[in-house]
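Chemist: The following block contains the structure, expressed as structure tokens.
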Amino acid sequence: MSTSIFSVPLRRTLHKKWVNRLNKIAIIGGGITGMAAAYYAKQAGAHVTMYEASDRIGGKIKTVYRDGFVLECGPDGYMARKPTLTELITELGLADDLVRSITGTSYIYVRHQLRQMPDGSVMGIPTKFWPMVKTDLFTWRGKIRAGMDLVLPRAYAGTDISLDKFFRTRLGSEVVDAMIEPLLSGIYNGTLDDMSIESTFPQFITIEKKTRSLILGMKALTPPVQAGVKPREAGKFLSLKQGLGVLIEALRPSIDRLYTETKVESVRPHEVTLTDGTVESFDGIILATSPNALGPLLGIPEAERLSALKRTSSITVLAAFKEADVAALDGTGYVIAKSEGNALTACSWMHKKWPHMAPENKALLRVYIGSTFVPELLMQPDDVIADFALRELRKIQHVGTPIFTKVERHVDTMPQYEVGHKQYVRAFEEQLSTLDGIEACGAILHGVGLPDCVDSAKQAVSRIMTKQAVSV
């Protein structure tokens, strides 16, 4: 049964009032946030107009099909524990197409070797005694220092600090450098030195507040393996059989008027001005645009401040092989410690993580080039970037000649949640609330994951529809 952001009586009231007002909603930005906002607005009875500056909708989500491979040029899945996106997929009738990732051995490339991550490690935090004792990832000094987490006082004292400071205080430098940093920094394509714990992983603050020890807190949160369920079947990520691009196509009918390659000059209460001088009026406007556009569009100080926040670029390279031409390793990939000096930060064995993405007897690898190397590579031709990535990859594992490669650039797309980000967002939202009929949502605010973006869109639509209905 379909769910809604509104209760049934309120939904009926809103729909009736908005139909009487020709409920026109403008959405600026056609990424996953904007597409989700279009869907929820349409469900509430709105007439939806979308403006997208590029030549396509979908934003970071981009699925390409080639020679039987399903190539995800952007995100390949999402965290299953966050329900909003799964609920949306179910409402769209795509639940039967959901697939869960395969899990297996995870590795870290450190000290010139692929080393197995200790069993029981959760987001780089050890939760089992003997695997931590036996691992060769750390020295005995590093292991003892990590164990100090059990007795040390809390690291978070109520004021935002960096992830680096938090984890080094709790677990020591060896665990941070060899395990936590390679795992967590890749999520935001940044460095732990800059990343705000309040805005990126506030759950660690909650755990520390409750149990003081991260090790004990994470252990308590880890569910026991159910009888008859193999660990390989308990993947934490979900995707769609034919790729996440199917989700964008399913959301497309929610848009009544779609304008691609159309840039918006400014947004004022109930008014959108395009760069060609066209002005259109709307009952409500939802900003789901890139972070750097907020300031120019709104012209308010706190939006300008968010637009000025640091953003990073990334490059990924997908490489298809005959399976026999790739070193046979059990697992789904590895991350690479910064100490190794390799240009890559991670490699995912997509054909093992997502078997539906590669034909039988074929392998699909996805490598991530570190942000330090990205600026000098962004303007290079695809073949130069692919050759560079393969050279770095071969320093770690054996691969033969690829069947094909595909390079994808993401320029200034990843907002950095630096220390103090939560306060910046709060100030922006307070200032935005003074502008009648305008809401904002997306990765710049409360989370960069796909479910976070969908949830942000859902809440923005709820706010704008409720306010406008009440004002009738």
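Position one of the sequence shown corresponds to residue 67 (my numbering), numbered consecutively onward. Even glycine gets a Cβ: it sits at the ideal position worked out from N, Cα and C. All figures in this text were calculated on a predicted structure; none of them were measured in a lab.
Counting C-beta neighbours from all protein chains within 10 Å, is the total for ASP202 16 or more, i.e. buried, or is it exposed?
Modeler: Within the sequence shown, the letter at position 136 stands for residue 202. The residue is exposed, with fewer than 16 neighbouring Cβ atoms inside 10 Å.
Chemist: Compute the Euclidean distance between the alpha carbons of GLU274 and LEU280, then round it to the nearest angstrom.
Modeler: In the sequence shown, the residue the question calls residue 274 occupies position 208. In the sequence shown, the residue the question calls residue 280 occupies position 214. So the alpha carbons of these two residues sit roughly 6 Å apart.
Chemist: Would you check if the distance between the CB atom of PHE454 and the CB atom of ILE469 is smaller than 9 Å?
Modeler: Taking the first residue of the sequence shown as position 1, residue 454 is located at position 388. Taking the first residue of the sequence shown as position 1, residue 469 is located at position 403. No, they are not a contact pair.
Chemist: Can you tell me whether GLU474 is helix, strand or coil according to DSSP?
Modeler: By 1-based counting over the sequence shown, the position of residue 474 is 408. Strand, per DSSP.
Chemist: Assign ILE210 to one of two classes, buried (16 or more other C-beta atoms within 10 Å of its C-beta) or exposed (fewer than that).
Modeler: Here residue 210 corresponds to residue number 144 of the sequence shown, with the count starting at 1. With fewer than 16 other Cβ atoms within 10 Å, it is exposed.
Chemist: Terminal residues of the continuous beta strand (DSSP E) containing LYS388?
Modeler: As a working note, residue 388 is residue 322 in the sequence shown. Segment 377-388, the beta strand (DSSP E) holding LYS388.
Chemist: Just tell me which of GLY134, LYS126, GLY96 has its CA closest to the CA of PRO141.
Modeler: Residue 141 sits at position 75 when you count from the first residue of the sequence shown. Checking every option, the nearest Cα to that of PRO141 belongs to LYS126.
Chemist: Could you give the residue range of the alpha helix (DSSP H) that holds GLU370?
Modeler: The sequence position of residue 370 within the sequence shown is 304, counting from 1. Where GLU370 is concerned, the enclosing alpha helix (DSSP H) stretches over 367-373.
Chemist: What are the residues that DSSP puts in a beta bridge with ILE504?
Modeler: As a first step, residue 504 is located in the sequence shown; it is residue number 438 there, counting from the start. DSSP output for ILE504 lists ILE351 as bridge partner(s).
Chemist: Roughly how many angstroms separate the alpha carbons of GLU406 and PHE232, rounded to a whole number?
Modeler: The sequence position of residue 406 within the sequence shown is 340, counting from 1. The sequence position of residue 232 within the sequence shown is 166, counting from 1. Answer to the nearest angstrom: the Cα atoms are 23 Å apart.
Chemist: Around the Cβ of VAL450, are there at least 16 other Cβ atoms within 10 angstroms (buried) or fewer (exposed)?
Modeler: The residue you call residue 450 lines up with position 384 of the sequence shown. Looking at its Cβ environment, which holds fewer than 16 other Cβ atoms inside 10 Å, VAL450 is exposed.
Chemist: Reducing DSSP to helix, strand and coil, say where ALA429 ends up.
Modeler: Here residue 429 refers to the residue found at position 363 of the sequence shown. If DSSP states are grouped into helix, strand and coil, ALA429 belongs with the strands.
Chemist: Can you give me the C-alpha to C-alpha distance between LEU340 and VAL330, rounded to a whole angstrom?
Modeler: Indexing the sequence shown from 1 puts residue 340 at position 274. Indexing the sequence shown from 1 puts residue 330 at position 264. Cα to Cα, the separation comes out at about 4 Å.
Chemist: The beta strand (DSSP E) spanning TRP415 covers which residue range?
Modeler: Stepping through the sequence shown from its first residue, residue 415 is reached at position 349. Counting along the chain, the beta strand (DSSP E) containing TRP415 begins and ends at 410-415.
Chemist: Pull up the distance between the alpha-carbon of THR150 and that of ALA107, whole angstroms please.
Modeler: As a working note, residue 150 is residue 84 in the sequence shown. As a working note, residue 107 is residue 41 in the sequence shown. Distance between THR150 and ALA107, taken at the CA atoms: about 16 Å.
Chemist: Suppose only complete runs of 3+ residues qualify. What are the beta strand (DSSP E) ranges in the stretch 167-220, listed by chain order?
Modeler: 172-176, 179-182
Chemist: In whole angstroms, what is the alpha-carbon distance linking PHE267 and ASP260?
Modeler: Along the sequence shown, one-based indexing puts residue 267 at 201. Along the sequence shown, one-based indexing puts residue 260 at 194. Their Cα atoms are separated by approximately 13 Å.
Chemist: Who are the near neighbours of ASP478 in its chain, counting only those whose CB is closer than 7 Å to its CB and skipping five residues on each side?
Modeler: Position 412 of the sequence shown, counted from the first residue, corresponds to residue 478. Cβ neighbours of ASP478 beyond the five flanking positions: ASN358, ARG377, SER379.
Chemist: Tell me which residue opens and which closes the beta strand (DSSP E) that LEU306 is part of.
Modeler: Looking up residue 306 in the sequence shown gives position 240. Looking at the DSSP string, the run of the beta strand (DSSP E) that includes LEU306 is 303-306.
Chemist: Tell me which residues share the same chain as VAL242 and place their Cβ nearer than 6 Å to its Cβ, disregarding the 5 neighbours each side in the sequence.
Modeler: Locating residue 242 in the sequence shown gives position 176, counting from the first residue. Around VAL242: PHE233, ARG234.
Chemist: Please state whether DSSP places MET23 in a helix, a strand or coil.
Modeler: Since the first residue shown for the chain is 67 and the last is 538, residue 23 is missing from the structure and cannot be characterised.
Chemist: Using three-state DSSP, classify LEU137 as helix, strand or coil.
Modeler: One-based indexing of the sequence shown puts residue 137 at position 71. Strand at LEU137.
Chemist: Contact between the stretch 523-530 and the stretch 485-493 is defined here as three or more beta-carbon pairs at a separation below 8 Å; is this criterion met?
Modeler: The stretch 523-530 is not in contact with the stretch 485-493.
Chemist: Where does ARG122 fall in DSSP's three states?
Modeler: As a position in the sequence shown, residue 122 is number 56, starting the count at 1. Three-state DSSP puts ARG122 in coil, outside helix and strand.
Chemist: Can you list, in chain order, the residues of its chain with a C-beta nearer than 7 Å to that of ALA316? Leave out the 5 residues immediately preceding and following it.
Modeler: Within the sequence shown, the letter at position 250 stands for residue 316. These residues qualify, in order along the chain: LEU158, LEU160.
Chemist: If distances are taken between C-alpha atoms only, which option among GLY224, ILE168, ALA102, GLU337 comes closest to HIS417?
Modeler: Taking the first residue of the sequence shown as position 1, residue 417 is located at position 351. Per the Cα distances, ILE168.
Chemist: When burial is assigned at 16 or more other CB atoms within 10 Å of the CB, is TYR131 buried or exposed?
Modeler: Here residue 131 refers to the residue found at position 65 of the sequence shown. It counts as exposed.
Chemist: What residue range is occupied by the uninterrupted beta strand (DSSP E) comprising LYS275?
Modeler: Within the sequence shown, numbered from 1, the residue matching residue 275 stands at position 209. Where LYS275 is concerned, there is no enclosing beta strand (DSSP E), although the alpha helix (DSSP H) it sits in stretches over 268-277.
Chemist: Straight-line CA distance for PRO335 to MET189?
Modeler: Numbered from 1 along the sequence shown, position 269 holds the residue referred to as residue 335. Numbered from 1 along the sequence shown, position 123 holds the residue referred to as residue 189. When rounded, the distance between both Cα atoms is 43 Å.
Chemist: Out of ALA103, ALA424, ALA92, state which residue places its alpha-carbon closest to the alpha-carbon of MET116.
Modeler: What you label residue 116 is simply residue 50 of the sequence shown in a count that begins at 1. Nearest of ALA103, ALA424, ALA92 to MET116, Cα basis: ALA92.
Chemist: With burial defined as no fewer than 16 other Cβ atoms inside 10 Å of the residue's Cβ, what is the status of THR288: buried or exposed?
Modeler: Reading the sequence shown from its first residue, position 222 is the one you call residue 288. Answer is exposed; the Cβ neighbour count stays below 16.
Chemist: Under the assumption that VAL401 contacts ILE174 (Cβ atoms under 8 Å), give the Cβ distance between them as a whole number of angstroms.
Modeler: Sequence index remark: in the sequence shown, residue 401 carries index 335 (1-based). Sequence index remark: in the sequence shown, residue 174 carries index 108 (1-based). About 6 Å; that satisfies the 8 Å criterion.
Chemist: Measure the C-alpha to C-alpha separation of ALA409 and LYS302 and round it to an integer number of angstroms.
Modeler: Here residue 409 is taken as the residue at index 343 of the sequence shown, counted from 1. Here residue 302 is taken as the residue at index 236 of the sequence shown, counted from 1. In a straight line, the C-alpha of ALA409 is about 27 Å away from that of LYS302.
Chemist: Sort ARG432, THR398, LEU511 by Cα distance to SER172 and report the nearest one.
Modeler: Your numbering for residue 172 matches position 106 in the sequence shown. The shortest Cα separation from SER172 among ARG432, THR398, LEU511 belongs to THR398.
Chemist: Quick one, which of LYS404, ALA102, SER499, GLN446 has its alpha-carbon nearest GLU240's?
Modeler: Taking the first residue of the sequence shown as position 1, residue 240 is located at position 174. Checked all of LYS404, ALA102, SER499, GLN446; the closest Cα to GLU240 is LYS404.
Chemist: Please go through the same chain and pick out, in chain order, the residues whose beta-carbon is closer than 7 Å to the beta-carbon of GLU337, but skip the five residues on each side of it.
Modeler: Stepping through the sequence shown from its first residue, residue 337 is reached at position 271. So the list reads VAL345, SER347, once near-sequence residues are dropped.
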